[in-house]
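Working notes for the structure below.
Residue numbers (the working numbering): 3 to 368.
Set out below in structure tokens:
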């Protein structure tokens with residue numbers, strides 16, 4: 003229609019001669035976690051597809067602090083909206099140097115108080131919320147324009163906090179990440195290596211880490227396990243974030259990249275994966291690689307495992323060299339590949355819902 007064409011022309015002229023509208027991406031970006039960076043890349047690309055004229059600026063860790071001593075330092079006047087989420091930043095933990103919920107929810111509240119729309123997409127929850135955390139979540143999220151979550155359990159967690167705003171079930175944004183197929187840096191290794199290859203995506207278990215549950219004896223079980231695996235398979239160690247313990251990687255090939263697309267491409271180098279990482283499971287699903295996911299009942303990996311009835315989980319307290327080797331043998335015997343396409347398609351469709359809803363919202367402002 004005529005009005006629609008006029009609107010298109012106006013947008014084209016504004017993109018050519020006017021100032022580009024800016025959107026702020028808020029998430030756990032800039033800390034070196036490849037899963038969070040994957041969510042940032044996906045959000046940026048999907049928004050650009052919908053609105054090419056928009057300029058996107060992403061939160062970048064401590065290089066661009068937006069909260070210091072409880073005070074937000076972001077200039078909300080520069081942006082037309084804030085898009086937050088893309089992972090599990092709704093963790094309620096406080097240390098002398100960090101107030102996680104205060105940090106992110108404080109930034110969101112800054113936009114809301116400035117009458118700027120805030121869209122929370124693909125977000126997850128982890129751990130229990132304190133009374134203070136529940137109040138913060140309800141206070142801020144009830145004023146958001148859109149909330150989508152990556153699991154049904156996350157939805158119930160927010161409802162338990164008292165959130166009345168409508169919450170949509172979606173999936174982790176990283177399920178929309180596409181591998182960079184141009185990266186051929188390690189292909190000479192692949193051509194020359196004939197033995198079966200196992201990817202290892204394991205973070206050292208740290209008692210001082212208040213975010214994750216500590217598993218006594220876990221660190222001690224890993225070196226002998228890797229030694230036995232190394233006798234039969236070629237090991238490739240995937241560095242998902244700086245917490246990776248390089249001592250685990252002795253005798254294996256280190257796979258690391260700051261570009262999530264290149265990192266995802268390199269997951270295809272292996273025949274199977276063993277991972278304690280949530281995005282180790284996500285990336286394996288995307289690339290059709292069987293992954294033995296080390297998880298606890300109720301944690302974020304287990305939530306995804308339950309959702310798709312994934313068969314290859316082992317609990318932390320069950321870990322032994324014999325169990326892992328037996329599961330790998332089962333995987334290679336069964337050639338368990340048939341469900342990959344179905345799982346991937348289902349999760350990508352769910353993740354896309356976040357951006358379909360976001361498009362409807364942003365069109366009002368653009």
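Built from N, CA and C at the ideal position, the CB exists for glycine as well. Note that the structure is a prediction, hence the values are computed from the model and not measured.
- DSSP places residue 77 in the coil class of the three-state scheme, outside both helix and strand.
- Taken through DSSP and simplified to helix, strand or coil, residue 243 comes out as coil.
- A distance below 6 Å between beta-carbons, with the five flanking residues on each side excluded, links residue 164 to the following residues of its chain, in chain order: 140.
- Between residue 235 and residue 201 a beta carbon distance of about 10 Å is seen, past the 8 Å cut, so the two are scored as non-contacting.
- Out of 148, 171, 22, 167, the CA that lies nearest to the CA of residue 154 is found in 171.
- Shortest Cα-Cα distance from residue 178 to any of 42, 145, 316, 364 involves 42.
- Contact between residue 264 and residue 174 does not hold, since their C-beta atoms are separated by about 19 Å, which reaches or exceeds 8 Å.
- Out of 132, 58, 304, the CA that lies nearest to the CA of residue 24 is found in 58.
- Per DSSP, residue 146 lies in no beta strand (DSSP E) and is assigned neither H nor E.
- In this structure, DSSP gives residue 46 a helical state, which the three-state scheme calls helix.
- Shown here, residue 332 sits in a helix according to DSSP, grouped into three states.
- Between residue 83 and residue 112, the CB-CB gap reaches or exceeds 8 Å.
- Membership of residue 297 in the beta strand (DSSP E) is indicated by the continuous run 293-297.
- Residue 101 carries a strand assignment under DSSP once its states are collapsed to helix, strand and coil.
- Listed in chain order, the non-local C-beta contacts of residue 132 below 7 Å within the same chain comprise 94, local neighbours out to five positions each way being set aside.
- 129 is the residue among 217, 46, 129 whose C-alpha sits nearest the C-alpha of residue 160.
- Residue pairing by DSSP places residue 83 opposite 25 in a beta bridge.
- Contact annotation, residue 334 with residue 198: C-beta distance approximately 7 Å; criterion of less than 8 Å satisfied.
- One Cα belongs to residue 226, the other to residue 108, and the distance between them is close to 45 Å.
- In the structure shown, the three-state DSSP call for residue 362 is helix.
- Counting along the chain, the unbroken alpha helix (DSSP H) around residue 286 starts and ends at 280-289.
- About 12 Å separates the beta carbons of residue 352 and residue 123, which is beyond the 8 Å limit, so they are not a contact pair.
- Annotated as proximal: residue 290 and residue 342, with beta-carbon spacing under 8 Å.
- Straight-line measurement puts the Cα of residue 149 at about 20 Å from the Cα of residue 78.
- For residue 319, same chain residues with a beta-carbon under 8 Å away, outside a window of 5 residues either side, are 217 in chain order.
- When DSSP reads this structure, residue 31 sits in no beta bridge, so it has no partner.
- The three-state secondary structure of residue 169, taken from DSSP, is coil.
- The C-beta distance from residue 278 to residue 296 rounds to 5 Å, short enough to fall under 8 Å.
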